[in-house]
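Numbering (UniProt numbering), first residue to last: 1 to 272. Positions of the beta carbon are idealized from the N, C-alpha and C atoms, including for glycine. Reading through the structure tokens given below for one structure.
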């Protein structure tokens, strides 16, 4: 309950300490923070042109030190807020189109730049509002969007969006990198054909606490487990009904799986 106020949501993230959920969407206040039971605790991030306003939010993450970090496709920046909604940092330098992001246990932020085809690691002192470092850690990716970091191994998984000739042939590719950023596994839309006959189009990705890769698939309206990096890819559907257009995915500290459904503008929480 309580999710009825979302408009075309694009990203969801969980605060591991408090159980709060941050969602970015297309409403007047871009960021909504919900309590574990679904009540809306906070709304902030005005739609607008001021420095701390958010023009077009693409994704969100919550750092372990309690900051909400958003990619803004409108002015191609990364913006951080505290849970009271105060803007603490905006990073505009050097990005072409920052898209997906996920926080490491050390409160660093791994983010994709879809236009630059790159992956960055952003280190900041959010409490002081100071950017320490923004380092490119991988390049030559193809329109990378969704990204997730394993909280245990530090492995990173990225979704690339591949353009095809002709209409409606776009596809996705899931790539897994070790913590040292070596490519250790990949799967394109047809890579599961032997185990799973239909095409997969992936919009969101997460690691569960055992380090397995979990993805959304908008073709089958499902959430699928692809296994750990070393067994990748296996095929294990976790949720295969009740979703219309899953675009976001995150795990809460109690291991509940949160799915952001843009089809009916809702958040759906599944116990593990």
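### Assigned exposure category for residue 1 - 16 Cβ within 10 Å defines buried
Annotation note: pLDDT 41 at residue 1 (below 50); position unreliable, coordinate value reported separately. An exposed status is given to residue 1, since fewer than 16 other beta-carbon atoms sit within 10 Å of its beta-carbon.
### Query
CA-CA distance, residue 129 and residue 144?
Rounded to the nearest whole angstrom, the C-alpha separation of residue 129 and residue 144 is 27 Å.
### Query
From 59, 51, 97, pick the residue whose C-alpha is nearest to that of residue 76; which is it?
Considering only 59, 51, 97, the residue with the shortest C-alpha distance to residue 76 is 97.
#### Entry: Nearest to residue 264 (by Cα), restricted to the options 14, 25, 19, 254
Looking from the CA of residue 264, the closest CA among 14, 25, 19, 254 belongs to 25.
#### Entry: residue 253 classed as buried or exposed, judged by whether at least 16 other C-beta atoms fall within 10 angstroms
By the 10 Å Cβ count, residue 253 comes out exposed.
#### Entry: C-beta atoms of residue 255 and residue 272 nearer than 7 Å
Yes, these two residues count as a Cβ contact at 7 Å.
#### Entry: Rounded distance between the beta-carbons of residue 67 and residue 126, thought under 8 Å
Contact flag correct, Cβ pair sits at about 4 Å.
### Task
Below 7 Å CB to CB, which residues in the same chain sit around residue 163 once its five sequence neighbours on both sides are set aside?
Here the set comprises 170.
### Query
By a C-beta neighbour count over all protein chains shown, 10 Å radius and 16 as the cutoff for buried, is residue 295 buried or exposed?
Residue 295 lies beyond the stretch modelled for the chain, which goes from 1 to 272, so this question has no answer here.
### Message
Helix, strand or coil for residue 144? Go by DSSP, reduced to three states.
### Response
In the structure shown, residue 144 sits in a strand (DSSP, three-state: E or B).
### Query
Can you name, in chain order, every residue of its own chain whose Cβ lies under 6 Å from the Cβ of residue 109, other than the five neighbours on each side?
69, 101, 103, 122.
### Message
Quick check on DSSP: helix, strand or coil for residue 229?
### Response
Note: residue 229 maps to helix in three-state DSSP.
### Query
In whole angstroms, what separates the C-alpha of residue 16 from that of residue 219?
Between the alpha carbons of residue 16 and residue 219 lies a gap of roughly 30 Å.
### Task
Name the two residues that bound the continuous beta strand (DSSP E) containing residue 123.
Unbroken beta strand (DSSP E) run through residue 123: 118-125.
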